[in-house]
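Okay, so here's the structure we're looking at.
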Amino acid sequence: WARSLLGWRRIAAARPNGAHRAPAALEEAGVLSGIITQNVDRLHTRAGSRRVIELHGALADVVCLACGGLEERSALQERLLALNPGWTAPGAELAPDGDAELSDEVVHAFVVADCRACGGVLKPRVVFFGEAVPRPTVDEAFAMLEEGDALVVVGSSLAVFSGLRFVRRAAELGLPVALVNLGETRADPLATLKVERRAGEILPELARALS
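Following the numbering used here, the numbering of the sequence shown begins with 0 at its first residue and continues without gaps.
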């Protein structure tokens, strides 16, 4: 949580770009059924997309490991700041995912907030490495996939099975699969179409063409 206290500022300040706004426009036009995202920044929702399945959760939410209660990350930020007045971490390096590199000494001096409901341990409501995506989330995503006429995968090498499984299911169903990614993906052999361009360039073009 000490590292997250610093990194949350970057996540909270992030704003959608063309790669987020284009899918929202396609959904509004009735072309896109919905989005299954591995991102945890909630930028698709901020861009106006209504039907978004957050496969790996969202950093904007915090969950209690004891009672399952939820708290907004922004509210927890204020509690953490109040518990650690004047706390600083000189020279800390921020990472794009909201984490930061801190020394053990700085981390050990940090006061962690407990769950307001039961005093339990709090965790960002995201799927950490080694954890499994909740089964209801997976089932919901498969159901969305099966509603569609095609699957478009954007900006992922599909190195993680949690995303690759949907390409495999699409192939089993005989659905066309389009990949938009710079570089090789694990699903290249299953692709009907592969486009090696930046998402922020190609998705707005696609939205204009189909809307």
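Just so it is clear, CB atoms sit at the ideal spot from N, CA and C, and this is done for glycine as well.
At least 9 Å separates the beta-carbon of residue 181 from that of residue 17.
The continuous stretches of beta strand (DSSP E) do not include residue 95, and DSSP gives it neither H nor E. Spanning the alpha carbons of residue 35 and residue 178 requires a straight line of approximately 14 Å. In the three-state scheme derived from DSSP, where H, G and I count as helix and E and B as strand, residue 22 is classed as helix.
Below 8 Å, enough C-beta pairs join the stretch 50-62 and the stretch 120-131 to call them touching: three or more. Bounds of any alpha helix (DSSP H) do not take in residue 13, whose DSSP letter is neither H nor E. Annotation: residue 159 is outside any beta strand (DSSP E) and is labelled neither H nor E by DSSP. Membership of residue 74 in the alpha helix (DSSP H) is indicated by the continuous run 72-82.
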